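Encoded as structure tokens, the structure appears first; notes follow it.
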Amino acid sequence: MGRVIRGSRKGKSLIFTAKTRLRKGAVKLRPVDYAERTGFIKGLVKNIIHDPGRGAPMAEVVFHDPYRYKLKKERWVAVEGLHTGQFVYCGAKAQLTVGNVMPLGKMPEGTVVAMCEEKAS
């Protein structure tokens, strides 16, 4: 009958699967809340880390929770020019600088966009 094609073998075996044990986690922007819709919220870039299996570095950004006394840690794709210790702002009234997150409708035409979500979460 002949031998099995390598592409067919890759679906069955364990040796061809991706090494996911050391991955850091999913990359998401903050969920859009009242503070982001009406103004902005400030975050601090704590760390820039390497995630295996991803081409771009990740940034750990820490925000103060607007409703409870605790810190929220988010993981973003680190854009070029982002560094640790930098303050980043998320919201409709954030300034147009490197690392800030704002709605697409608030940006002027011709702005270089690094990451665009399919759905506003």
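Under our numbering, residues 49 to 169 are what the sequence shown spells out, in order.
Note that beta-carbon positions come from the ideal geometry of N, C-alpha and C, so glycine has one too.
None of these values were measured; they are calculated from a predicted model.
- In this structure, DSSP gives L144 a state outside helix and strand, which the three-state scheme calls coil.
- Counting every other CB atom within 10 Å of its CB across the protein chains shown gives E128 a total below 16, marking it as exposed.
- Judged by DSSP secondary structure, E84 falls within the alpha helix (DSSP H) whose first and last residues are 82–86.
- Under the three-state reduction of DSSP output, R123 falls in the strand class.
- By the Cβ criterion, the segment 96–103 is not in contact with the segment 112–121, since fewer than three pairs of Cβ atoms, one from each stretch, lie closer than 8 Å.
- DSSP places C164 outside any beta strand (DSSP E), giving it a letter other than H or E.
- Looking at the backbone, the Cα of Y117 and that of A140 are separated by about 24 Å.
- Distances from the alpha-carbon of A107 to those of C164, A162, H131 put H131 closest.
- In the DSSP assignment, Y117 falls outside any beta strand (DSSP E) and carries neither an H nor an E.
- DSSP places L92 in the strand class (E or B) of the three-state scheme.
- A straight-line Cα-Cα distance of about 30 Å links P105 and T86.
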